[in-house]
Every structure is written in structure tokens, then in C-alpha cells.
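Enquirer:
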DNA sequence: GAGGGAGGCGCG
DNA sequence: AAAGCGCGCCTCCCTC
């Protein structure tokens, strides 16, 4: 059973029961308390809720204490359908979708980010929690019509029903992650910063440790020399003046330079980044009541990975993991899909030998026999060679010694090799590639087509569009290779995202059955569940069962295993 | 003073 | 030793 929902401008809204195919199964009706009505119908029927956008609607329900099991997120599904049709980036709102159905002018999507938590404090000045109440109310007729059209479209595309359901489940998870928050100890965070940087400085001053390093860096270049270590340009100049010209100030470049300033600079860079990106200012902005509440953006990455809006939740430095601490009597179940992308390739390609190697344990170790005899890459262990070959195949690398290793991969695991090669060739021809469930890569830009059509053999002209200021490959050959690397990687990364989404949906359902445990973190191939300590084993089992369910949903009877590395800990830093 | 590109680095 | 894919977000520094 499905129920379409249109949120009103205030607390009310309109609803209408639907059949699976989207046709109305009863009359529309209005209610004054939408959250209350949804709670009641959820208890009675647990329908699949059909609404414009979980990101806009569901936080309001969560604040009212209402959780739902299933939904159909029209904006996210519209986005998937548009992408599949090669119309990536067209407006995805219900209004826009409805206009397209009727051949009417399509309104642009409202600019994102107005509902970001960072702006919530500002918005509340105007009596507005996070902007959703100010949004114009949904039109129930449009919701019903767009949903029916989507159901027809989805039914005609292989895998898409699962993709739409998984993306929608993801939208519920994302809102719940933002609502529940990651347990975060401000005291631990502050202690770590103080340990590494010195006490919190007042004003905009550098912390003591950074100032010391900055002074010593200047002194290393000469008496009374002043170099701002935050300025790559000044650092380059200082090294040039010292007779050591360097192409950039990246850490790996500096490491090869013999100069007393180098170790100081490397330490400065590391600490300065921690201070700037995750220092006291971050703590003040993002942590409230012992929780870090990032805003996840489902489908924020073309491959189907999630992005976040502010707070950098997907880039939390490893040193800060000691600030992620379970509540007393609770634990963190930290679970990580081991070697997910090469396993996905193994399952996708149906390469018998490769899939057998991926059937259990350490995939790279299992493959390493094939690379043991390779002489070309001296120092590396056979396992390291196997890993390098795989990464090169999936990322489109393969310069230098990796060329040799790719040759081994090609001869020993031809189907796996061919799978990514075919994706690369498709990309170079300007074609679209898709994940297993049908998520589709964006088409190449007009500039790419122009460049690659204009000069399709060697001797490419310099890029005439450079004047536009857009960073572009200089030659057609570069553009082609770049696009090939993108599509080559897309098929693997996007199918890994399919799998992760299926995992999340399954795990969410199992955790709901357990009661108190909550998903509190998700990062591409890793989840954290916050649970009462006595439920740790049950949660661990739920994670394993979910990984297995995701494998079966995507790949059926593949021999490829998707093992989870799971740790039950008090703090995130103690996992692996 | 805002805006944005470049350089750099955090995560997977 | 580094590189090949996908991101967000910091500071610097230049342009408008």
C-alpha cells in the first residue's frame, strides 16, 4: 500500500491512498496535523509514503517523534530517471516533473543549501526551524501524477525498482543520521586540540604550537626572514632563494627536499589543517549536546555516493576519531566493507578466476600468486603488486611499472580486465555508462564534444577555451583519456554505491526491529551503529546479514564475498 | 567586500 | 615513489 502526501504550508497537509502502480485507491483528504496522521497510518498500515522530498519533509516528522519504514522520494527518483535518459541535471522538483509531463515550461529547482543546518540559527530568528515551513506547499495532484509516471518509467528499466527503493530508503537514513547525530565528545576534541596545538588562543591568533613552528620555519631560511607557511607562493620563493627550486609545496614534494625547514613545514601543514578544518571553530559550529549532526546529501555525488553539506562529515581526520565516544552503557559498532570496489568488479565482470579469488578472505592476497613471478616491479610484494594492478585497472592508472602489472591482470583475469576496458572505451566514444542498478553517469560536456570532434587524431591544437577560465584538458587526446578514466571508474564506484545503499536499507530495517540501536555514521563503505552494549552482538549479526542481503539483491548467486570488518568499541579510534 | 580560481589536503 | 577515480573545504590571492 502507498499513500501520497502533500505537505501544507503549516502543520497540515493532504493525503491520498494509492495502488502500487500509482493509481488512486481512495479519495484525497486533508488533515490539520500531518505528523499525527502519518504516525497513525504508519502504525496501522506501514504504507510506502510517496512524497516530494524526504530531505524537506522527514526532519519535521523526526522532530515530532515520528519515524516511517518506507517511502518513495519523488525528487530523488526523478533525478535517477533523468540521468538514465541522458538528461542529467535538469530540474527534479515535482513541479518540474509535472510540467515536463504536460509539455509546459519547466521551472528551475530552487537553489540548494538554504536549509542547511549552518543556517538554522539564522532562520530561527524568523521563527522558522530550517526553512521547510516557508517552502510553498506541495500540490497533491502533482504528487500523484508524477509518482504514477515514475512507476511506469521504473517498471520498464531493469534494476530500477530496486534502485528507486534503495535511494528512497537512503533518504530516510540520511535524515535520521542528521537527526540522531554522531556521539561526539567536545571535551575529548578540545583535549586533543590542546595537546597538539597548545591552549585555545583568543581572537584570530595562531595557536602557540603553530606560531612556534612558523617562527622556526622563517628562521630556517635565514635570520629575520619571514615566510607565511600558509602561503604556497611564499614557500616556493623561499626555497628558490635557498637554491632549491621545487615545483609545488605538496607534502610528497617537500619530503624529497633536504632542507631544515622541511620537517617543520610538514608538521605545520598537518597541524594547521587540523586547526583550520576541525579546530575549535568547527567544534563550536557543529557539535551541540554531545552530537555532531551533519547534513547528508543523498545522491550528492554523480556515482551515487553521498555528499555532505557543511561540517565535512566525510573527511573527519583519523586523529579526531577519539572524540567519537559512545554514551555510558552504550557502544559503537563500527563496520567496514573490506576491499569493496575490487570485489564489486569481480562480481560485475563475472570473471570466474577473479570471482573465486574474491570468494573469501583477503582479495589481494588471493590474487597475489598471479603476480609472484612478475620480475619487473622489484621491491613490491606480490600482494602489493596485485593491489596496484587492481587500482590501476579501476582508476585508469598504469604508468611506469603498473603497465607490466596490468598486463598480468589482463592475461590472468581477462574478463575483469575487459569489463573496465569496455567502460573506458564507451566513455571515450562519448557514450553513457551505468551502475548495475542503472544509475547513469552524466554525459560529456559540450566543450568535451567540441574538443574531441574537432581533433580526433593526433596533433591536437591547444585548447581555445582556456580563456574562459575553465580548467580543461589541453588536447583532444587528454580529454578522451580523462573521460575514459571517469567512465572506467564510474561503473565500479557507482555499483559499489548501489551495494552500500542496499546495505543501509537492509540494516536500517533490522535495527528498527532491534529497537534502540541507531545508525549514526555512514561513509561510502563504512557504517557506525550506536547501540546499548548488551545489543552489540545482535547489531553485529544485523550488519553481517545486511551485507549478505545486499550481495544477494545485487548479484544473486555470485561466489564473490563481501566481508565486513566489524569492531565493537567505546570510541571510534579504537576500531582497527 | 564579495566571489572565485588555485593550491593543498582530509576522507573513501 | 607516485599515480589513476570520487568528493568538501580550508587559505591565499587576484578580479570585479
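In this note's numbering, the protein residues as written are 67 to 642. Yeah, the Cβ is synthetic: ideal placement off N, Cα and C, and Gly gets one too. For clarity, every value in this text was computed on a predicted model and none was experimentally measured.
Hey, out of 86, 516, 314, whose CA is closest to residue 67's CA?
Expert: Minimum Cα distance to residue 67 is reached at 86.
Enquirer: Tell me which residue opens and which closes the beta strand (DSSP E) that residue 209 is part of.
Expert: Element bounds for residue 209: not the beta strand (DSSP E) but the alpha helix (DSSP H), 206-221.
Enquirer: State the beta-bridge partners of residue 375 as determined by DSSP.
Expert: DSSP lists 361 as partners of residue 375.
Enquirer: Near residue 190, what residues of its chain come up, given a Cβ to Cβ distance below 7 angstroms and the 5 sequence neighbours on each side ignored?
Expert: Confidence at residue 190 is low in this model, with a pLDDT of 32, below 50, so the placement of that residue is unreliable and no value is reported for it.
Enquirer: Please tell me whether residue 486 and residue 557 are closer than 8 angstroms, where the distance is taken between their beta carbons.
Expert: Their beta carbons are under 8 angstroms apart, which means residue 486 touches residue 557 by this criterion.
Enquirer: With three or more C-beta pairs closer than 8 angstroms as the rule, is the region 266-278 touching the region 331-350?
Expert: Yes, the region 331-350 is in contact with the region 266-278.
Enquirer: Please tell me whether residue 286 and residue 330 are closer than 8 angstroms, where the distance is taken between their beta carbons.
Expert: Contact: yes.
Enquirer: Could you give the distance in angstroms between the alpha-carbon of residue 232 and the alpha-carbon of residue 451?
Expert: Approximately 35 angstroms between the Cα atoms of the pair.
Enquirer: Quickly, what does DSSP pair residue 587 with across the bridge? List them, please.
Expert: DSSP output for residue 587 lists 594 as bridge partner(s).
Enquirer: From residue 159 to residue 263, what does the alpha carbon distance come to, in whole angstroms?
Expert: Approximately 46 angstroms between the Cα atoms of the pair.
Enquirer: For residue 623, which three-state DSSP category applies?
Expert: Residue state, collapsed to three classes: coil.
Enquirer: The beta strand (DSSP E) with residue 632 in it runs from where to where?
Expert: 630-635 is the extent of the beta strand (DSSP E) around residue 632.
Enquirer: Thinking C-beta only, is residue 462 closer than 8 angstroms to residue 551?
Expert: For residue 551 and residue 462, yes; Cβs fall inside 8 angstroms.
Enquirer: With a Cβ-Cβ cutoff of 8 angstroms, do residue 509 and residue 152 count as a contact?
Expert: The answer is yes: Cβ separation under 8 angstroms.
Enquirer: Who are the Cβ neighbours of residue 423 in its own chain at under 6 angstroms, not counting the five residues just before and after it?
Expert: Cβ within range, chain order: 432, 433.
Enquirer: Would the beta-carbon of residue 425 fall within 8 angstroms of that of residue 626?
Expert: Yes, they are a contact pair.
Enquirer: Closest to residue 500 by CA distance: which of 559, 445, 458 is it?
Expert: Ranking the options by Cα distance to residue 500, first place goes to 559.
Enquirer: If distances are taken between C-alpha atoms only, which option among 235, 306, 123 comes closest to residue 325?
Expert: The candidate whose alpha carbon is nearest that of residue 325 is 306.
Enquirer: Measure the alpha-carbon distance for residue 614 versus residue 293 and round it to whole angstroms.
Expert: If you take the alpha carbons of residue 614 and residue 293, they lie about 55 angstroms apart.
Enquirer: Along the alpha helix (DSSP H) that carries residue 333, what are the first and last residues, could you check?
Expert: From DSSP, the alpha helix (DSSP H) with residue 333 extends over 327-344.
Enquirer: Between residue 215 and residue 234, what straight-line distance do the alpha-carbon atoms span, to the nearest angstrom?
Expert: Going by the C-alpha atoms only, they are around 17 angstroms apart.
Enquirer: I'd like the span of the alpha helix (DSSP H) that includes residue 104, first residue to last.
Expert: Run containing residue 104: 100-111, per the alpha helix (DSSP H) assignment.
Enquirer: Please go through the region 465-532 and give each complete alpha helix (DSSP H) segment of 4 or more residues, from N-terminal end onward.
Expert: As far as the region 465-532 is concerned, its whole alpha helix (DSSP H) runs of at least 4 residues are 468-478, 480-494, 512-520.
Enquirer: Tell me whether residue 79 sits in a helix, a strand or coil according to DSSP, three-state version.
Expert: It is a strand residue.
Enquirer: Under the assumption that residue 616 contacts residue 580 (Cβ atoms under 8 angstroms), give the Cβ distance between them as a whole number of angstroms.
Expert: Between residue 580 and residue 616 the Cβ distance is about 18 angstroms, and since that is not below 8 angstroms, they are no contact.
Enquirer: I'd like the list of long-range same chain contacts for residue 438, defined as Cβ closer than 7 angstroms, with 5 residues on each side in sequence excluded.
Expert: Correct list, in chain order: 448.
Enquirer: Would you call the CB atoms of residue 302 and residue 315 closer than 8 angstroms?
Expert: The answer is yes: Cβ separation under 8 angstroms.
Enquirer: Residue 252 bridges to which residues according to DSSP?
Expert: Residue 252 pairs with nothing; no bridge assigned.
Enquirer: Give me, in chain order, the residues of the same chain whose beta-carbon lies closer than 8 angstroms to that of residue 211; leave out the 5 immediate sequence neighbours on both sides.
Expert: Excluding sequence neighbours, residue 211 sits near 164, 167.
Enquirer: Closest to residue 373 by C-alpha separation, out of 94, 129, 84, 587, would be which residue?
Expert: Selected option, being the one with the closest Cα: 587.
Enquirer: List in chain order: all unbroken alpha helix (DSSP H) runs of 4+ residues lying wholly within the region 284-323.
Expert: For the region 284-323, whole alpha helix (DSSP H) runs of length 4 or above, ordered along the chain, are 298-307, 317-320.
Enquirer: For residue 261 and residue 396, I'd like the C-alpha separation in whole angstroms.
Expert: Computed Cα separation, rounded: 27 angstroms.
Enquirer: In whole angstroms, what is the alpha-carbon distance linking residue 150 and residue 101?
Expert: The alpha-carbon atoms of residue 150 and residue 101 are separated by roughly 34 angstroms.
Enquirer: Can you check DSSP and say which residues form a bridge with residue 90?
Expert: 84, per the DSSP bridge assignment.
Enquirer: Quick one: what's residue 97 bridged to in DSSP?
Expert: Partner(s): 79.
Enquirer: Hey, out of 571, 591, 111, 555, whose CA is closest to residue 368's CA?
Expert: Selected option, being the one with the closest Cα: 555.
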